Amino acid sequence: MKQNTNHVVSKRIVLQHPQSLIGLEHLTDIRERTKRRKGKNAKQRKANRAFSKWSFAELHSMIAYKALLHRSMAIKVDANYTSQACPKCGHTCKENRPNKGLLFVCQNCQYTLHADLVGARNIAMRTLLLRQDWIGTGLLSVRPDVSDVEAKAARLKRYAGLRWSSDTTPSPRL
Ligand SMILES: [Zn+2]
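Numbering (full-length UniProt numbering), first residue to last: 1 to 174.
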């Protein structure tokens, strides 16, 4: 059932957005999200995580190969703090997710939205930043280099300066 759902979801994404650059969360950090799944014991929780991670990995690979068939491309972006960072003012803290719930409430500017939509906005902005770099340098990284700690810190610093507005459109200038 999961495999079928992944096929349906990935197909819908690439058909609705042809000739697009599709940003996906880098899977290494998916645990931040799946942690909230409740399990009876540690073993169950571990199994939940492994299963969820596998399922996301499958969805990612389906989106990636189907994207190419529709003149699109999928890239991966750093997932760190995507569900804790305010897309509007940049304020980043755990408390932006009161009671670790699904609702995001910025403790600085009171921006309120479903946490998954906040995550999606942050990923979209990071993807646009990579697109901007791509246009400027001719180089595109399909996945973040997580082995270089300094480079990663530099990327996170740049992400912290990103701001979402309702007229944010996929243009070279953010
Ligand atoms: Zn805010």
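Even for Gly, the Cβ is constructed at its ideal location relative to N, Cα and C.
Values in this document were obtained by computation on a predicted structure and should not be read as measured data.
For this session: Leaving aside the five residues before and after residue 76 along the sequence, list all residues of the same chain whose C-beta is less than 6 Å from its C-beta, in chain order.
Result: 24, 26 and 143
Exercise. Should residue 61 go down as buried or exposed, given a rule of 16 or more other Cβ atoms within 10 Å for buried?
Worked result: exposed
Exercise. In chain order, what residues place their C-beta within less than 6 Å of a heavy atom belonging to ligand 1?
Worked result: 86, 88, 89, 91, 106, 108, 109 and 111
Problem set entry | Which listed residue (164, 159 and 166) has its alpha carbon closest to that of residue 78 | 159
Problem set entry | With 16 other Cβ atoms within 10 Å as the buried cut-off, status of residue 128 | buried
Problem set entry | Pair within 7 Å by beta-carbon distance, residue 136 and residue 83 | no
For this session: Look at the alpha carbon of residue 59 and the alpha carbon of residue 132, and state the distance between them as a whole number of angstroms.
Result: 26 Å
Problem set entry | Where residue 112 falls, given that 16 or more other Cβ within 10 Å makes a residue buried | exposed
For this session: Under 8 Å by Cβ, that's how I've got residue 85 and residue 103 pegged, so tell me the actual separation to the nearest angstrom.
Result: With 8 Å as the limit, residue 85 and residue 103 do not qualify as a contact, their Cβ atoms being about 15 Å apart.
For this session: Alpha carbon to alpha carbon, how far is residue 101 from residue 1? Give it in angstroms, no decimals.
Result: 27 Å
Exercise. Which residue or residues does DSSP assign as beta-bridge partners of residue 25?
Worked result: 77
Problem set entry | Nearest residue (CA-CA) to residue 20, options 150, 64, 5 and 156 | 64
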